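Encoded as structure tokens, the structure appears first; notes follow it.
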Amino acid sequence: MKQKFTLFTRFLALATLTTVLVALNLFTTTVYGQTTCLNSTPLFTEDFGTGTTASTSPDIIPGSLIYQATGSLKAEGVYRIIDNTGQKPEWHHSADHTGNVDGKVFVANGEAETFYRHVVTSAGFPLGTSFSISLFAMNVDTLHTCSSPLFTTLTYTVEYLDASSMWQPMSGSPYIAPTLPQTHTPVWVGQGSLFTLPATGSMPTSIRLTISDGTKGGCGNDFAIDDIMFSQCPQAGPTPVEFLNITARQKGSGVSVDWSTAQEFNSSKFEIEKSVDGNNGWSYVGTVRGAGNSSVLRSYNLYDPRPYSGFNFYRIKQIDKDGQFKYSKTVNVKINTAKTGVTVLANPFHNILTIDFLTSKDELIKARLIDITGKQVAIENWSLTTGNTRKDFSNVSRLQQGMYILTVTNSEGEILFNSKVIKQ
């Protein structure tokens, strides 16, 4: 996750700079984790303005949070908009995220409420259009403020007003963001997600944004919000998936394909394909389910138990929920068959112990299971043919549950595999 460190201070004499930073705790980290679309058009922004006196907001839902103009925000379910987050002695004292002089920020002692709502209007929002909502939030509690802290979890709901004047959720709504962590210094965390209007029906003229806090009142559910932005994505829509990396490496007799994403929008699944040259003859390897909508780092893996001898080229076909797809970059790995590769397919195992082999020649091998006392409890002699071979132990269902050592040797007595396996 990308990090940017920003120093929110006015011009101060060099001799007093360190003292002021320690006293005010204004060294603030910004962690970016929003899901947004490229070249978006902002339709609504809110940075809560500037000033040194507390204020309220017309977008706070009546009957949710209670405005408290002065004093410590020690009661549950109270808020104010003010020029720093330190509205209780044990909270972080940070400037706003925007960086304005006397910039204000929304600060609350939360209590599991739907507290913020804003309606955006237009002559007509195009059907099938995607939108993004993003903001920056902070857990204002310093570390060790609470012995068993609660953590704020914000939910973003985006709806459109249909032809019968009913509010309907867009695709991707609601979005539940990751919880806000307690930190040693103030940390602004970027949150957000993507939402899409239906492709058919009447063109809506109103869109409603709602923010909820899903955590009950108590020690730890204390947060700040700044720089809310609601944007329309370009006609081409958002980037469905942002790939961070993809790697392929030999693992035993097979290949482990690993990849990660920085964001996903409307993501249905990933299909892994391979080829002998990276150009033609792509074949299907397997499928991994996508996250749908995500604004956090996600890691994925798929194991190919039957790679080709020599080079193997892999690519990821990401398919979204409406059938559109894109490919990742192509990576390759050369399978080393100088020594027979051995892979246990399921460990722990139940009634069957299955082993995959990859060898460059026909070979005779011996597989033995040893219990924790050193007693040999099962043995198999197998003939392997060049390439991939799969074998099953035929007499392990009778074994007691527990740990065993699996040892595989070739006809010269060379150990090809020696590791523990678990019988369940």
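Everything in the sequence shown is counted per the numbering used here, starting at 18 for the first residue and increasing by one.
Yeah, the Cβ is synthetic: ideal placement off N, Cα and C, and Gly gets one too.
All values reported here derive from a predicted model rather than from experimental measurement.
Checklist entry - If you count every other CB in all the chains shown that lies within 10 Å of the CB of Asn156, and 16 or more means buried, which is it? => result The residue labelled residue 156 in the question sits at position 139 within the sequence shown. Asn156 is buried by the Cβ-count criterion.
Checklist entry - Roughly how many angstroms separate the alpha carbons of Gln393 and His161, rounded to a whole number? => result Locating residue 393 in the sequence shown gives position 376, counting from the first residue. Locating residue 161 in the sequence shown gives position 144, counting from the first residue. Each residue's alpha carbon lies about 53 angstroms from the other.
Checklist entry - Using 8 angstroms as the threshold, is the region 237-247 in touch with the region 55-64, meaning 3 or more CB pairs across them? => result yes
Checklist entry - Cβ atoms of Lys286 and Gly309: under 8 angstroms apart, would you say? => result Taking the sequence shown and counting its residues from 1, one reaches residue 309 at position 292. Taking the sequence shown and counting its residues from 1, one reaches residue 286 at position 269. No, they are not a contact pair.
Checklist entry - In the structure shown, what three-state DSSP assignment does Ile439 receive? => result Here residue 439 refers to the residue found at position 422 when the sequence shown is read from its first residue. It is a strand residue.
Checklist entry - In the structure shown, what three-state DSSP assignment does Ile369 receive? => result As a working mapping, residue 369 is identified with position 352 in the sequence shown. Three-state result, Ile369: coil.
Checklist entry - According to DSSP, which residues form a beta bridge with Asp239? => result Looking up residue 239 in the sequence shown gives position 222. Beta-bridge pairing links Asp239 to Asn126.
Next on the checklist: Spatial neighbours of Asn238 within its chain, please: C-beta separation below 6 angstroms, excluding the five flanking residues on both sides.
Outcome noted: On the sequence shown, residue 238 is found 221 positions in, with the first residue counted as 1. Once the five neighbours on either side are set aside, the close Cβ partners of Asn238 are Gly127, Leu167, Thr169 and Thr232.
Next on the checklist: Taking the beta carbon of Lys378 as the centre, do at least 16 other beta carbons fall within 10 Å, making it buried, or is it exposed?
Outcome noted: Position 361 of the sequence shown, counting from 1, holds the residue named residue 378. Exposed, by the Cβ-count rule.
Checklist entry - On the three-state DSSP scale, how would you describe Glu281? => result As a first step, residue 281 is located in the sequence shown; it is residue number 264 there, counting from the start. In this structure, Glu281 counts as strand in the three-state DSSP scheme.
Checklist entry - Under the three-state reduction of DSSP, which class applies to Asp158: helix, strand or coil? => result Sequence index remark: in the sequence shown, residue 158 carries index 141 (1-based). Strand.
Checklist entry - Quick one: what does DSSP say Asp275 is sitting in, helix, strand or coil? => result The count along the sequence shown starts at 1 and reaches residue 275 at position 258. Strand.
Next on the checklist: Quick test of the definition: if touching needs 3 or more C-beta pairs under 8 angstroms, does the region 88-97 touch the region 187-194?
Outcome noted: no
Checklist entry - Going by the CB atoms, is the gap between Arg332 and Thr347 shorter than 8 angstroms? => result Taking the sequence shown and counting its residues from 1, one reaches residue 347 at position 330. Taking the sequence shown and counting its residues from 1, one reaches residue 332 at position 315. Yes.
Checklist entry - Do Val272 and Phe448 come within 8 angstroms of each other at the CB atom, strictly closer than that value? => result Not covered by the structure: residue 448. The range shown for the chain is 18 to 441.
Checklist entry - Quick one: what does DSSP say Pro59 is sitting in, helix, strand or coil? => result By one-based count along the sequence shown, residue 59 stands at place 42. Of the three classes helix, strand and coil, the one that applies to Pro59 here is strand, per DSSP.
Checklist entry - Any idea what DSSP makes of Leu423, helix, strand or coil? => result Reading the sequence shown from its first residue, position 406 is the one you call residue 423. Here Leu423 sits in strand by DSSP.
Item to check | Cβ neighbour criterion (16 or more within 10 Å) applied to Ala384 | outcome: For this step, residue 384 is matched to residue 367 along the sequence shown. The residue in question, Ala384, is buried, as its Cβ has 16 or more Cβ neighbours within 10 Å.
Item to check | 8 angstroms Cβ shell around Tyr317 - same chain, five flanking residues per side excluded | outcome: By 1-based counting over the sequence shown, the position of residue 317 is 300. Here the set comprises Asp275, Trp276, Ser277, Thr278, Phe287 and Val305.
Next on the checklist: Under DSSP, the beta strand (DSSP E) around Gln208 begins and ends at which residues?
Outcome noted: Locating residue 208 in the sequence shown gives position 191, where the first residue counts as 1. Run containing Gln208: Val204 to Thr213, per the beta strand (DSSP E) assignment.
Item to check | Between the CA atoms of Lys356 and Ala241 - distance to the nearest angstrom | outcome: Taking the first residue of the sequence shown as position 1, residue 241 is located at position 224. Taking the first residue of the sequence shown as position 1, residue 356 is located at position 339. Rounded to whole angstroms, Ala241 to Lys356 spans 58 angstroms at the Cα level.
Checklist entry - Run through DSSP, which three-state label would Glu431 get? => result Counting from one through the sequence shown, the residue named residue 431 turns up at place 414. DSSP places Glu431 in coil when its eight states are reduced to three.
Checklist entry - Nearest to Tyr177 by CA position, among His367, Ser151 and Ser147, is which residue? => result Reading the sequence shown from its first residue, position 160 is the one you call residue 177. Ranking the options by Cα distance to Tyr177, first place goes to Ser147.
Next on the checklist: In the DSSP assignment, the beta strand (DSSP E) including Pro186 goes from what residue to what residue?
Outcome noted: To locate residue 186, count along the sequence shown from 1; it is residue 169. Segment Trp184 to Pro186, the beta strand (DSSP E) holding Pro186.
Checklist entry - DSSP three-state call for Trp108: helix, strand or coil? => result Residue numbering aside, residue 108 sits at position 91 when the sequence shown is read from its first letter. It is a strand residue.
Item to check | Span of the beta strand (DSSP E) around Val348 | outcome: Here residue 348 refers to the residue found at position 331 when the sequence shown is read from its first residue. Run containing Val348: Val348 to Ile352, per the beta strand (DSSP E) assignment.
Checklist entry - Quick one: is Ser444 buried, meaning 16 or more other Cβ sit within 10 Å of its Cβ, or exposed? => result Not covered by the structure: residue 444. The range shown for the chain is 18 to 441.
Checklist entry - Three-state secondary structure (DSSP) at Gly189? => result The residue given as residue 189 occupies position 172 in the sequence shown. Coil at Gly189, not helix or strand.
Item to check | Short CB-CB distance (under 8 angstroms) between Val293 and chain D | outcome: No chain D appears in this structure, which consists of one protein chain only.
Checklist entry - Roughly how many angstroms lie between the CA atoms of Thr402 and Thr426, to the nearest whole one? => result What you label residue 402 is simply residue 385 of the sequence shown in a count that begins at 1. What you label residue 426 is simply residue 409 of the sequence shown in a count that begins at 1. Looking at the two C-alpha atoms, the distance is approximately 16 angstroms.
Next on the checklist: I'd like to know whether the C-beta atoms of Ile224 and Phe132 end up nearer to each other than 8 angstroms.
Outcome noted: Locating residue 224 in the sequence shown gives position 207, counting from the first residue. Locating residue 132 in the sequence shown gives position 115, counting from the first residue. No, the pair does not count as a contact, with Cβ atoms beyond the cut-off.
Item to check | Rounded straight-line distance, which links the Cα of His110 to that of His201 | outcome: Position 184 of the sequence shown, counted from the first residue, corresponds to residue 201. Position 93 of the sequence shown, counted from the first residue, corresponds to residue 110. Each residue's alpha carbon lies about 12 angstroms from the other.
Checklist entry - Looking only at DSSP bridge pairs, what is Ala265 linked to? => result Within the sequence shown, residue 265 is the residue found at index 248, counting from 1. Beta-bridge pairing links Ala265 to Val274.
Item to check | N- and C-terminal bounds of the beta strand (DSSP E) containing Gly334 | outcome: Numbered from its first residue, the sequence shown carries residue 334 at position 317. In the sequence on display, residue 334 carries Lys and not Gly. It spans Gly327 to Asp337 - the beta strand (DSSP E) in which Lys334 sits, taken as one unbroken run.
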